[in-house]
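Engineer: Protein sequence lines correspond, in order, to chains P and C.
The opening position of the first sequence corresponds to residue 851 in our numbering, with each subsequent residue numbered one higher.
The opening position of the second sequence corresponds to residue 54 in our numbering, with each subsequent residue numbered one higher.
Can you keep this structure in mind? I'll have questions shortly.
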Amino acid sequence: MTLVDSVLKGDRLALARLLTHVENNTVDGRTALRLLFPRTGRAHLIGVTGAPGTGKSSLVNRLALHFRGRGKRVAIAAVDPSSPFTGGAVLGDRVRMKDLSSDPDVFIRSMASRGALGGLARTTAGIVQVFDAAGYDMILIETVGAGQGEVDIVRLAHTTLVVEAPGLGDDIQAIKAGILEIADILVVNKADRPGVENTEKALRSVLELAHPTLRALLHHGQAVTLDVAVEIGAEGWNIPIQRTVSTDGQGIAELADEIERHFDYLHASGNWARREQRRLASELDAILQQTLLDRFHADLPEGRYNEIMRQMIDKQLSPEEAAHGLIDGGTHAQAGRRGSRGAK
Amino acid sequence: MSERKIRVLVAKPGLDGHDRGAKVVARALRDAGMEVIYTGLRQTPEMIAQAALQEDVDVVGLSILSGAHMALTPRLMELLKSNGQTDIHVFIGGIVPDEDIPRLKQMGIRGVYGPGASTEDIVRDIRLAAEKRAS
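Rendered as structure tokens:
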């Protein structure tokens, strides 16, 4: 029986081994992804992102427990950064997920970013596909959480949670609109801490700045509870702000409800199909880029890259000229003349 | 594709209350280019074996200060075996009396590192084991 067959039969060791193949982009891993791809598309992919210290891991733990209580099979992919100097990593997200360790319908996999910069590893999409094909209903993807540029998640997940916490220096200037824009649901975790009202106000202000129609709608007497403030999103989804305390479970049931509401909304509005398309297009582009680059390097004559690199270091070629020199071929002299702006 | 990363599970079984040593080892392994999954405190052998399985690790490092190694090790080795993970390099760091080491080695523990051991020793032994596995 092949590894793929074993995985589809529910063999957890086979699943773990297949995940390793996919993570290392082996031939067997790529073959397996090809075979499993038709079985993907059922799972709800939920991204969890936000700055370090906001409690993402313990939130993921609570959510997973809650979804288990609703009878869902849950997989978790938790990404942590690799050291840019040594290539190693300490992956500590499991520390917060001990409650899940004995549950046969939960699978937690830690991944190192291995140099990728957008908050996910390059192979996270593949890992998620394996979980999907293996029959997990909810897949929680926890990103590297530096908090600003880590927006790869929005191209992978159906529902993206952005997690904030009070007292981390978040005032209206500090909250970066970029990270908030990717949120389908905003979570204010550690909501038992002082400053939670200010954090929520600041989030609401930034959302209002992005969506000025909100103010008019709120003034028309819509009831806004202390726990949930609704905002108008670009595609007709009201972006809720949900307070949680992940250490004791407060707000988790409500958050899970919001997540399921978003799932229903995506299907009802046709946005599920649109996001799937975007997701797949984004993955296709990523693979194209990597494959083309690899092939390009393989086709370069021996030493050509280093030769051009040397000319660039000696300031004989600008980076742009160097790139075109490699792509268009030609001698050093030709490349220099072609790129010349008369400066020499 | 770059050289395959060694994945290590660093676990604190039993009732040990602090994990400074485990964290020192975790950081050293990271500095040696390995990917270290750290479990946190108060792990049972069942929890450690499950983590080792899901993470498909090459190495399990047990940090044991409380003297519980003779009780915990057999159970863990049995679980790893029954889960199908027979080729994991398992080592123990912490407080282990010399006279227990032969029994531990018989159980399948590949290295025991007391307070005097250096992290370089642990790294070297892990790398040697990985080379042997690859060949």
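All C-beta atoms in this analysis are idealised placements derived from N, C-alpha and C, irrespective of residue type, glycine included.
A quick note: this is a predicted structure, and the numbers were derived from the prediction, not measured.
Do A183 of chain C and I101 of chain C come within 7 Å of each other at the CB atom, strictly closer than that value?
Structural biologist: Taking the second sequence and counting its residues from 1, one reaches residue 101 of chain C at position 48. Taking the second sequence and counting its residues from 1, one reaches residue 183 of chain C at position 130. Contact: no.
Engineer: Is R60 of chain C helix, strand or coil when you go by DSSP?
Structural biologist: By 1-based counting over the second sequence, the position of residue 60 of chain C is 7. Here R60 of chain C sits in strand by DSSP.
Engineer: If distances are taken between C-alpha atoms only, which option among P:Q1166, P:I1177 and P:Q1161 comes closest to H1147 of chain P?
Structural biologist: The residue labelled residue 1147 of chain P in the question sits at position 297 within the first sequence. It is P:I1177.
Engineer: Apart from the five residues just before and just after D982 of chain P, which ones in its own chain have a Cβ nearer than 6 Å to its Cβ?
Structural biologist: In the first sequence, residue 982 of chain P corresponds to position 132, counting from 1. If we look at D982 of chain P and ignore the five residues flanking it on each side, its Cβ neighbours are T890 and A893.
Engineer: What residues in the segment 864-894 of chain P bring their beta carbon closer than 7 Å to a beta carbon of chain C?
Structural biologist: Those residues of the segment 864-894 of chain P that come within reach of chain C (Cβ to Cβ, closer than 7 Å) are A866, R867, L869, T870, N874 and N875.
Engineer: With respect to the alpha helix (DSSP H) encompassing P155 of chain C, which residues constitute its N-terminal and C-terminal limits?
Structural biologist: One-based indexing of the second sequence puts residue 155 of chain C at position 102. Run containing P155 of chain C: I154 to M160, per the alpha helix (DSSP H) assignment.
Engineer: Let me check one thing: in DSSP terms, what residues is G897 of chain P bridge-paired to?
Structural biologist: Counting from 1 along the first sequence, the entry for residue 897 of chain P is found at position 47. Answer is P:I991 and P:T1010.
Engineer: Do R959 of chain P and L886 of chain P come within 7 Å of each other at the CB atom, strictly closer than that value?
Structural biologist: In the first sequence, counting from the first residue as 1, residue 886 of chain P sits at position 36. In the first sequence, counting from the first residue as 1, residue 959 of chain P sits at position 109. No; because the gap between Cβ atoms is not below 7 Å, this pair is not in contact.
Engineer: Tell me, to the nearest whole angstrom, how far the beta carbon of I78 of chain C is from that of G146 of chain C; I am working on the premise that it is less than 8 Å.
Structural biologist: Residue 78 of chain C sits at position 25 when you count from the first residue of the second sequence. Residue 146 of chain C sits at position 93 when you count from the first residue of the second sequence. The sequence given here has Val at residue 78 of chain C, not Ile. The Cβ separation is near 6 Å, so the contact holds.
Engineer: So D1034 of chain P packs on V994 of chain P, CB below 8 Å; how close in whole Å?
Structural biologist: Here residue 1034 of chain P corresponds to residue number 184 of the first sequence, with the count starting at 1. Here residue 994 of chain P corresponds to residue number 144 of the first sequence, with the count starting at 1. 19 Å between Cβ atoms; not a contact.
Engineer: Does R1054 of chain P come out as helix, strand or coil in the three-state DSSP assignment?
Structural biologist: As a working note, residue 1054 of chain P is residue 204 in the first sequence. Of the three classes helix, strand and coil, the one that applies to R1054 of chain P here is helix, per DSSP.
Engineer: I need the DSSP call for P888 of chain P, collapsed to helix, strand or coil.
Structural biologist: Indexing the first sequence from 1 puts residue 888 of chain P at position 38. Helix.
Engineer: So is S960 of chain P in contact with chain C if we call contact Cβ pairs under 7 Å?
Structural biologist: By 1-based counting over the first sequence, the position of residue 960 of chain P is 110. For S960 of chain P, the answer is yes, since a Cβ of chain C falls inside 7 Å of its Cβ.
Engineer: I think R1129 of chain P touches L990 of chain P, with their Cβ atoms under 8 Å apart; what is that distance to the nearest whole Å?
Structural biologist: Stepping through the first sequence from its first residue, residue 1129 of chain P is reached at position 279. Stepping through the first sequence from its first residue, residue 990 of chain P is reached at position 140. Going by Cβ atoms, the distance from R1129 of chain P to L990 of chain P rounds to 16 Å, so no, they are not a contact pair.
Engineer: What separation, rounded to the nearest whole angstrom, lies between the Cα atoms of G900 of chain P and G879 of chain P?
Structural biologist: Sequence index remark: in the first sequence, residue 900 of chain P carries index 50 (1-based). Sequence index remark: in the first sequence, residue 879 of chain P carries index 29 (1-based). Cα to Cα, the separation comes out at about 30 Å.
Engineer: Pull up the distance between the alpha-carbon of I117 of chain C and that of R180 of chain C, whole angstroms please.
Structural biologist: If you number the second sequence from 1, residue 117 of chain C lands on position 64. If you number the second sequence from 1, residue 180 of chain C lands on position 127. Cα to Cα, the separation comes out at about 22 Å.
Engineer: Find the residues of chain C that neighbour V854 of chain P, judging by a C-beta separation of less than 9 Å, and give them in chain order.
Structural biologist: Here the question's residue 854 of chain P lines up with position 4 in the first sequence. Those within 9 Å of V854 of chain P in chain C number zero; the least Cβ separation is about 16 Å.
Engineer: Could you tell me which residues DSSP puts in a beta bridge with S116 of chain C?
Structural biologist: The sequence position of residue 116 of chain C within the second sequence is 63, counting from 1. According to DSSP, which records beta bridges pairwise, S116 of chain C is partnered with C:G146.
Engineer: In angstroms, rounded to a whole number, what distance separates the CA positions of R972 of chain P and R156 of chain C?
Structural biologist: Start at 1 with the first residue of the first sequence, and residue 972 of chain P comes out as number 122. Start at 1 with the first residue of the second sequence, and residue 156 of chain C comes out as number 103. Roughly 44 Å separates the two Cα atoms.
Engineer: What separation, rounded to the nearest whole angstrom, lies between the Cα atoms of P934 of chain P and M87 of chain C?
Structural biologist: Locating residue 934 of chain P in the first sequence gives position 84, where the first residue counts as 1. Locating residue 87 of chain C in the second sequence gives position 34, where the first residue counts as 1. Taking the straight line from one Cα to the other gives about 12 Å.
Engineer: Opposite I977 of chain P in the DSSP bridges: which residues?
Structural biologist: Numbered from 1 along the first sequence, position 127 holds the residue referred to as residue 977 of chain P. In the DSSP output, where bridge partners are listed per residue, I977 of chain P has none listed.
Engineer: Counting only Cβ pairs nearer than 9 Å, list the residues of chain C close to F957 of chain P.
Structural biologist: Position 107 of the first sequence, counting from 1, holds the residue named residue 957 of chain P. Under the 9 Å cutoff, chain C gives Q107.
Engineer: Go through its chain and collect everything with a Cβ distance to N136 of chain C's Cβ below 7 Å, but skip five positions before and after it.
Structural biologist: Residue numbering aside, residue 136 of chain C sits at position 83 when the second sequence is read from its first letter. Answer for N136 of chain C: A102 and L106, listed in chain order.
Engineer: Per the DSSP calculation, I1035 of chain P is bridged to which residue(s)?
Structural biologist: Along the first sequence, one-based indexing puts residue 1035 of chain P at 185. Per DSSP, P:L1011.
Engineer: Assuming V898 of chain P and L909 of chain P form a contact by the criterion Cβ under 8 Å, report the distance between their Cβ atoms to the nearest whole angstrom.
Structural biologist: To locate residue 898 of chain P, count along the first sequence from 1; it is residue 48. To locate residue 909 of chain P, count along the first sequence from 1; it is residue 59. Indeed, because the Cβ distance is near 7 Å, the residues count as touching under 8 Å.
Engineer: Give, in chain order, every residue of the segment 82-104 of chain C whose Cβ lies closer than 7 Å to some Cβ of chain P.
Structural biologist: Hits within the stretch, in order: L82, R83, D84, A85, G86, M87, E88, V89, I90, Y91, T92, G93, E99, M100, Q103 and A104.
Engineer: Could you check where the beta strand (DSSP E) with R959 of chain P kicks off and where it finishes?
Structural biologist: Residue 959 of chain P sits at position 109 when you count from the first residue of the first sequence. Here the beta strand (DSSP E) through R959 of chain P covers V956 to A962.
Engineer: Could you check where the beta strand (DSSP E) with V89 of chain C kicks off and where it finishes?
Structural biologist: As a working note, residue 89 of chain C is residue 36 in the second sequence. Looking at the DSSP string, the run of the beta strand (DSSP E) that includes V89 of chain C is E88 to Y91.
Engineer: Below 6 Å CB to CB, which residues in the same chain sit around V1080 of chain P once its five sequence neighbours on both sides are set aside?
Structural biologist: Counting from 1 along the first sequence, the entry for residue 1080 of chain P is found at position 230. Any reading at V1080 of chain P needs caution, since the residue's pLDDT is 41, under 50, leaving its predicted position unreliable; the model's value is listed next. So the qualifying residues of the chain are N1088 and P1090.
Engineer: What separation, rounded to the nearest whole angstrom, lies between the Cα atoms of R73 of chain C and H916 of chain P?
Structural biologist: As a first step, residue 73 of chain C must be located in the second sequence, where it is residue number 20. As a first step, residue 916 of chain P must be located in the first sequence, where it is residue number 66. Using only the alpha carbons, I get a separation of about 32 Å.
Engineer: In chain P, which residues lie with their C-beta within 7 Å of the C-beta of A121 of chain C?
Structural biologist: Position 68 of the second sequence, counted from the start, is the residue given in the question as residue 121 of chain C. What A121 of chain C touches in chain P: nothing, since even the nearest Cβ is about 18 Å away.
Engineer: Relative to chain P, which residues along the segment 137-153 of chain C have a C-beta separation below 8 Å, given in chain order?
Structural biologist: Per Cβ criterion, the list reads G137 and Q138.
Engineer: Let me know the secondary structure DSSP gives G1175 of chain P once reduced to three states.
Structural biologist: In the first sequence, residue 1175 of chain P corresponds to position 325, counting from 1. Helix at G1175 of chain P.
Engineer: Using a Cβ-Cβ distance under 7 Å, would S908 of chain P count as near chain C?
Structural biologist: Within the first sequence, residue 908 of chain P is the residue found at index 58, counting from 1. Not closer than 7 Å to any Cβ of chain C, the Cβ of S908 of chain P fails to qualify, so no.
Engineer: Among residues of its own chain, excluding the 5 on either side of V854 of chain P, which ones have a beta-carbon nearer than 6 Å to its beta-carbon?
Structural biologist: As a first step, residue 854 of chain P must be located in the first sequence, where it is residue number 4. Excluding residues within five positions, the ones whose Cβ falls inside 6 Å are A882 and L885.
Engineer: Closer than 9 Å by beta-carbon distance: list the chain P residues that pair up with A79 of chain C, in chain order.
Structural biologist: Translated into the one-based positions of the second sequence, residue 79 of chain C becomes position 26. V940 and G942, listed in chain order.
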